[in-house]
Amino acid sequence: MWLKPEEVLLKNALKLWVTQKSSCYFILQRRRGHGEGGGRLTGRLVGALDAVLDSNARVAPFRILLQVPGSQVYSPIACGATLEEINQHWDWLGQNLLHTLSVFDNKDDIASFVKGKVKALIAEETSSRLAEQEEEPEKFREALVKFEARFNFPEAEKLVTYYSCCCWKGRVPRQGWLYLSINHLCFYSFFLGKELKLVVPWVDIQKLERTSNVFLTDTIRITTQNKERDFSMFLNLDEVFKIMEQLADVTLRRLLDNEVFDLDPDLQEPSQITKRDLEARAQNEFFRAFFRLPRQERLHAVVDCSLWTPFSRCHTVGRMFASDRYVCFASKEDGCCNVILPLREVVSIEKMEDTSLLPNPIIISIRSKMAFQFIELKDRESLVEGLLVRLKQVHANRPVHYDTSQDEDMTSPVFHSTSMCSDHKFGDLEMVSSQNSEESDKEKSPRLHPEALISVFQQAGSQSPDSRMSREQIKISLWNDHFVEYGRTVCMFRTEKIRKLVAMGIPESLRGKLWLLFSDAVTDLASHPGYYGNLVEESMGKSCLVTEEIERDLHRSLPEHPAFQNETGIAALRRVLTAYAHRNPKIGYCQSMNILTSVLLLYAKEEEAFWLLVAVCERMLPDYFNHRVI
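Going by my numbering, the first residue of the sequence shown is number 95, and it counts up by one from there.
In structure tokens form, the structure reads like this:
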């Protein structure tokens, strides 16, 4: 392949290479130890020396150097893994450059001319490679040439995609082409002899929204500090808007050096970003936001299917989402039914007999003696194979602490599979081992508050105790009826009824457990036995700026509540905030985290409150608690 001829080699470094061919301006060389009889040991020694003395020697065993007569430096312009490959480059140089160089009088002009030609070849190869990644390579290559000619950006500016569209000036549309690149939104139009070029850097865009104008019901509006511009198109408006969102977001995160951006290694190098990468990123972000899952979660498969929903006594059409540690389901009808199955809860995934009534079915059985039946799964074999591999990894990598008390009153009538019985021994063994590890963790861990503070410290309310209790009893009764029909654990069927029940108000006795379920903090809690206790041990007693800020705000946290008018509540609050600052030094401690944690401690046990804080700060409101206060 061609190399950018920027690095130079001193003549002494050439002793590690053997010259195969040479001309007035070029040298073809082979690295010592390659292609020699009995040269295996020599090749190893030279390879070690190359690694120290010459960075280019590790690229390939063959290379071509540019040498200007009378000069003591040599510039590498090509390399190859085989003699055949390097000979193709050598032949090209002989046919296209060698006869031209004789007309130059100045040595510097010769070097500049050759380097310019090689850079042009590299650019052409890059363009071809980018075009091959698109659905229609020839059209993309043609658009890339026009983009470079019309806007004359630096070489590093990469075109991501392009669309035919209209740019509106008041009520007048200008038909043209929209080009979306790494750093810019560009529009070009040539109509009735008038040329229009627009170049808007992504960093200058203050607002990106879907809107409408007098003539069209759906347009994309770009707002900068000085102007608003509307773009419309008959096709692909949704796709265009999503890619614009992704490019603007990637640019802003790179500008702010946001720590979250570390989770997108594929997008760190701008020249490597493609439309496919952005679409995959958008799909991952939607998946994590929709199901409220950790940011590290990566989507592996999205499959159309149907799920047996016992409350409606039928199969519900939707999609299955399979990621690193979860299997999720969302119905196509909004709010009808969603399901989240952490793989740590799954004990078996099995293919069932294919019938006309139940085509391509699989059964996913979970620890709480429930099973979920999915049917109409395309490519079932590879899907199940991938799920089983990830299930094995989850159980191998993460010790599971299984709290059976949460499932004692599990009575939801969910589809049952006889195949679950074979997995009971596996589940029982894990429960015993996890209980043993839990007991040992308790012995080592510091003394934590064992229950929610509100169970110890009651606050006097304005309502009479009788009326308050009657309202609480009604809410509890409604929630218990819901649990019987839809399930009680994190794997429950989530429908629109849950939203209505939450809007009515979660009873105080259920708040802690339901917050854990709906934020999925219960998964973190179960997957990290002893983690919080270890954090408390490591962090307590250390003094720094963060701990000073925490100490200053401890007595400002719900000071009117009796739970925080004594050392019991204050000590629990101190431990949770200090442990979180130790866990996540990038956030550390920010104002209002004390108020949030105080409320969590009222309704949840201390360790549960810590994982709820993690869920809020890192998953539910990921950009809210930070030092920039953006």
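A virtual CB, placed ideally from N, CA and C, is assigned to each residue, including glycine. Only a predicted model underlies this, so the values are computations on that prediction, with no experimental measurement involved.
For Asp647, no beta strand (DSSP E) segment is defined; the enclosing uninterrupted segment is the alpha helix (DSSP H) at Leu639 to Leu648. One alpha carbon belongs to Lys213, the other to Phe156, and they sit about 19 Å apart. Cβ neighbours of Ala709 within its own chain (closer than 6 Å, five residues either side excluded): Ser613 and Ala615.
Judged by beta-carbon spacing, Ser603 lies beyond the 8 Å limit of Leu652, meaning their Cβ atoms are not closer than that value. In chain order, Ala154 place their CB closer than 6 Å to the CB of Ala175, counting only its own chain and leaving out the 5 sequence neighbours on each side. If the five residues before and after Leu485 are omitted, its C-beta is found closer than 8 Å to the C-beta atoms of Leu437, Val440 and Ile443, all from its own chain and listed in chain order. Per the DSSP secondary-structure output, Trp111 pairs in a beta bridge with Arg125. Residue burial is scored here from C-beta neighbours: Asn432 has at least 16 other C-beta atoms within 10 angstroms and is therefore classed as buried.
The three-state reading of DSSP puts Glu379 in helix, counting H, G and I together.
For Arg323, the uninterrupted beta strand (DSSP E) run begins and ends at Glu322 to Ser326, by DSSP. For Glu602, the enclosing alpha helix (DSSP H) stretches over residues Glu602 to Ser613. With a cutoff of 8 Å on beta-carbon distance, Ser417 and Arg386 are scored as not near each other. Closest in alpha carbon position to Leu341, among Ser462, Val254, Arg588 and Lys445, is Val254. Per DSSP, the unbroken beta strand (DSSP E) holding Met414 starts and ends at Cys408 to Ser417. Under the 8 Å Cβ criterion, the region 401 to 415 counts as touching the region 423 to 431, having at least three qualifying pairs. Nearest to Leu629 by C-alpha distance, out of Glu700, Glu661 and Arg593, is Glu700. Residue pairing by DSSP places Leu253 opposite Ser275 in a beta bridge.
Annotation: Ile314 to Phe325 spans about 5 Å, alpha carbon to alpha carbon. In the three-state reduction of the DSSP assignment, Arg304 falls in the strand class, which pools E and B. Pairing Ala205 with Phe281, the inter-Cα distance amounts to about 38 Å.
Cα atoms of Leu694 and Leu608: separation of roughly 12 Å, rounded to the nearest angstrom. By alpha-carbon distance to Thr449, the top candidate from Lys301, Leu595, Phe704 and Ile469 is Ile469. Leaving aside the five residues that flank Lys445 on each side, the residues in its chain whose CB is nearer than 7 Å to its CB run, in chain order, Ile456, Arg474 and Val478. A residue is called buried once 16 or more other Cβ atoms fall within 10 Å of its Cβ, and Met598, having fewer, is exposed. Check the Cα spacing between Ser306 and each of Gly264, Gly270, Thr318 and Ser283: the tightest is with Gly264. In the three-state DSSP reduction, Arg244 falls in the helix class (H, G or I). Thr583 places its beta carbon 8 Å or farther from that of Ser633. Using a Cβ distance threshold of 8 Å, Ile158 and Trp186 do not count as a contacting pair. For Leu481 and Arg419, the gap between their C-alpha atoms comes out near 9 Å. Judged by beta-carbon spacing, Phe704 lies within the 8 Å limit of Tyr674, meaning their Cβ atoms are closer than that value.
Per DSSP, reduced to three states, the secondary structure at Tyr580 is helical. One thing to note: Ile337 has its Cβ no nearer than 8 Å to the Cβ of Leu279. With a cutoff of 8 Å on beta-carbon distance, Tyr580 and Phe405 are scored as near each other.
In the structure shown, the three-state DSSP call for Ser117 is coil. When rounded, the separation of the alpha-carbon atoms in Val578 and Ile568 is 16 Å. Cβ-Cβ distances below 7 Å link Phe285 to Arg268 and Gln269 in the same chain, with the five nearest sequence neighbours on each side left out; the list follows chain order.
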